[in-house]
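Step one of this worksheet: look at the structure below.
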Amino acid sequence: MSTVTGTQPGSAPALRFAAGVLRPLLNVIVTMAAVVVLWIVFLEVYDLDPLVAKSPVDIFHYLFTGTDADAHRSLVSSGLGRTLLDAGFGFVAGLVAAVVVAVVFVLSRSVEQALLPVAVVLRSVPLVAMTPLITLVFGRGLMATTVISGLIVFFPALVTMAFGLRSASRQAADLCRAYGAGDWTVARKVMLPSAVPAFFASARVGVPGALIGALLAEWLSTGQGLGYAMLKDSSTFDYDHLWASVAVLTAVSALAYNIIAAVETVALARFAPNIRPGT
Numbered sequence: 083m084s085t086v087t088g089t090q091p092g093s094a095p096a097l098r099f100a101a102g103v104l105r106p107l108l109n110v111i112v113t114m115a116a117v118v119v120l121w122i123v124f125l126e127v128y129d130l131d132p133l134v135a136k137s138p139v140d141i142f143h144y145l146f147t148g149t150d151a152d153a154h155r156s157l158v159s160s161g162l163g164r165t166l167l168d169a170g171f172g173f174v175a176g177l178v179a180a181v182v183v184a185v186v187f188v189l190s191r192s193v194e195q196a197l198l199p200v201a202v203v204l205r206s207v208p209l210v211a212m213t214p215l216i217t218l219v220f221g222r223g224l225m226a227t228t229v230i231s232g233l234i235v236f237f238p239a240l241v242t243m244a245f246g247l248r249s250a251s252r253q254a255a256d257l258c259r260a261y262g263a264g265d266w267t268v269a270r271k272v273m274l275p276s277a278v279p280a281f282f283a284s285a286r287v288g289v290p291g292a293l294i295g296a297l298l299a300e301w302l303s304t305g306q307g308l309g310y311a312m313l314k315d316s317s318t319f320d321y322d323h324l325w326a327s328v329a330v331l332t333a334v335s336a337l338a339y340n341i342i343a344a345v346e347t348v349a350l351a352r353f354a355p356n357i358r359p360g361t
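Residue 211 in our numbering sits at position 129 of the sequence shown, with consecutive numbering throughout.
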């Protein structure tokens with residue numbers, strides 16, 4: 083007589099959760115492997131001078147196996163810490179501002195019609211041209227880097243969040259209003275939960291944008307972090323540190339992107355179980 087063994091009643095959600103968390107880790111490994119392959123192919127195709135163009139093996143030796151590897155890692159990590167601080171503040175500020183403005187736009191068509199053209203004009207101005215003005219107004223510290231990095235995050239997130247908020251069920255919104263709910267209650271109870279996928283899509287896109295904004299601010303304004311260090315490396319011919327900084331930033335960006343994807347898996351299981359992560 084044969085027996086059939088099945089999974090425990092609660093094992094399926096646990097397996098989905100584990101898969102959702104492990105998948106981003108696998109994605110990081112695959113992404114970095116692809117970057118290394120493209121890196122090697124790029125160097126081979128263009129036959130660049132080894133003095134300038136460093137290979138993955140060179141950077142691994144620089145950071146891990148060389149005689150001064152400890153000092154090199156300390157140098158890169160100190161600059162990375164400042165860049166992550168700048169990017170983190172800009173990421174949070176830009177994302178929060180986008181959510182708030184998107185809610186206001188969805189609830190008030192007149193406000194959207196008045197302010198959206200201003201946002202479009204600001205978006206069309208190159209941030210490099212705006213950086214001196216931002217530095218003049220906010221100084222050369224954390225506030226300036228937050229504004230510059232936040233602006234890069236803000237505009238794509240605003241469009242995505244507005245679309246996500248408008249995708250909320252009209253029937254659910256009308257039902258809430260029928261029971262006396264105001265616009266802000268409808269936004270909080272109906273629109274924002276429906277926009278959870280849009281929020282995480284904005285967050286995923288915003289991670290590399292925030293890093294780019296932080297590097298730009300460090301290049302042109304603050305003189306700190308990996309952004310300024312890489313600018314100095316190009317003038318002092320310290321190409322090992324330059325390539326190591328780029329490699330570390332690429333790895334951190336991929337890791338942060340996939341951490342958000344893992345958090346998205348957990349959040350969607352709670353707020354939107356019928357929606358697959360990454361959609």
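Ideal Cβ positions, reconstructed from N, Cα and C, are used throughout, including at glycine.
query, result
"Using a Cβ-Cβ cut-off of 6 angstroms (strictly less than) and excluding sequence neighbours within five positions of residue 232, which residues of its own chain qualify?", "172, 175 and 176"
"On the three-state DSSP scale, how would you describe residue 208?", "coil"
"Go ahead and label residue 246 buried or exposed: buried means 16 or more other beta carbons lie within 10 angstroms of its beta carbon, across all protein chains shown.", "buried"
"Which residue's Cα is closest to the Cα of residue 215: 226, 129 and 205?", "226"
"Quick check: residue 273 and residue 180, are their CB atoms within less than 8 angstroms of each other?", "no"
"Quick check: the region 181-193 against the region 300-320, are at least 3 beta-carbon pairs closer than 8 angstroms?", "no"
"Going along the chain, which residues of its own chain have a beta-carbon closer than 7 angstroms to the beta-carbon of residue 114, five neighbours each way excluded?", "333 and 336"
"Cβ atoms of residue 144 and residue 322: under 8 angstroms apart, would you say?", "yes"
"I'd like to know if residue 217 contacts chain B, where contact means its C-beta is closer than 8 angstroms to some C-beta of that chain.", "Included in the structure is just one protein chain, with no chain B present."
"Got a sec, what are the start and stop residues for the alpha helix (DSSP H) residue 253 sits in?", "252-260"
"How is the alpha helix (DSSP H) around residue 155 delimited, first residue to last?", "151-189"
"Would you kindly work out how many angstroms separate the C-alpha atoms of residue 230 and residue 193, rounded to a whole number?", "24 angstroms"
"So residue 308 and residue 161 are in contact, right, with Cβ under 8 angstroms, and what is the actual spacing, rounded?", "4 angstroms"
"With H, G and I counted as helix, E and B as strand and the rest as coil, what does DSSP make of residue 140?", "helix"
"Flag this pair as yes or no: are the beta carbons of residue 289 and residue 158 separated by less than 8 angstroms?", "no"
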